[in-house]
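Residue numbers for the sequence shown follow my numbering, so the first one is 33 and each next one is one higher.
All residues carry an ideal CB built from backbone N, CA and C; glycine is no exception.
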Amino acid sequence: MSPKNHPEGNPIVRIGTNRTELVWSNGTRRTLCIPAIELARKELNRVNRLPKLGSTASQQQQQNRADSLLEARTQLGHAVRAFVRSGGGDLSAFAPR
33 MSPKNHPEGN PIVRIGTNRT ELVWSNGTRR TLCIPAIELA RKELNRVNRL
83 PKLGSTASQQ QQQNRADSLL EARTQLGHAV RAFVRSGGGD LSAFAPR
């Protein structure tokens, strides 16, 4: 069987603006739909789409924006780690058939 049908090793989790994918070293991709990851990804996209703060923004406004962005990124990281630690840790089950 070709490596394209049976990728070896664990894939990386690629999180894009519109979807989350598992990507193996041979280039094989598989879309991943895990509700907690999708929710966190959508929240990060929402925070990233907020209008830019102008040069007249107060330090508090700048800090609030930075905190929101850090929190959204942290939630996404926790969601991915929780998926990998749970039964989803065997990522070979998601390999294309």
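Using only alpha-carbon positions, find the residue among the options that is nearest to residue i.
i	options	result
residue 81	109, 61, 104	104
residue 77	106, 69, 49, 61	49
residue 74	107, 117, 113	107
residue 58	42, 84, 91	42
residue 118	68, 89, 60	68
Ordered along the chain, which non-local residues of its own chain (more than five positions away) have a Cβ less than 6 angstroms from that of residue i?
i	result
residue 66	115
residue 88	none
Grab me the residues of residue i's own chain with a C-beta within less than 7 angstroms of its C-beta, minus the 5 sequence neighbours each way, in chain order.
i	result
residue 101	79
In the structure shown, what three-state DSSP assignment does residue i receive?
i	result
residue 88	coil
residue 61	strand
residue 52	strand
residue 81	coil
Excluding the 5 residues preceding and the 5 following residue i in the sequence, name in chain order all residues of the same chain whose CB lies nearer than 8 angstroms to its CB.
i	result
residue 70	52
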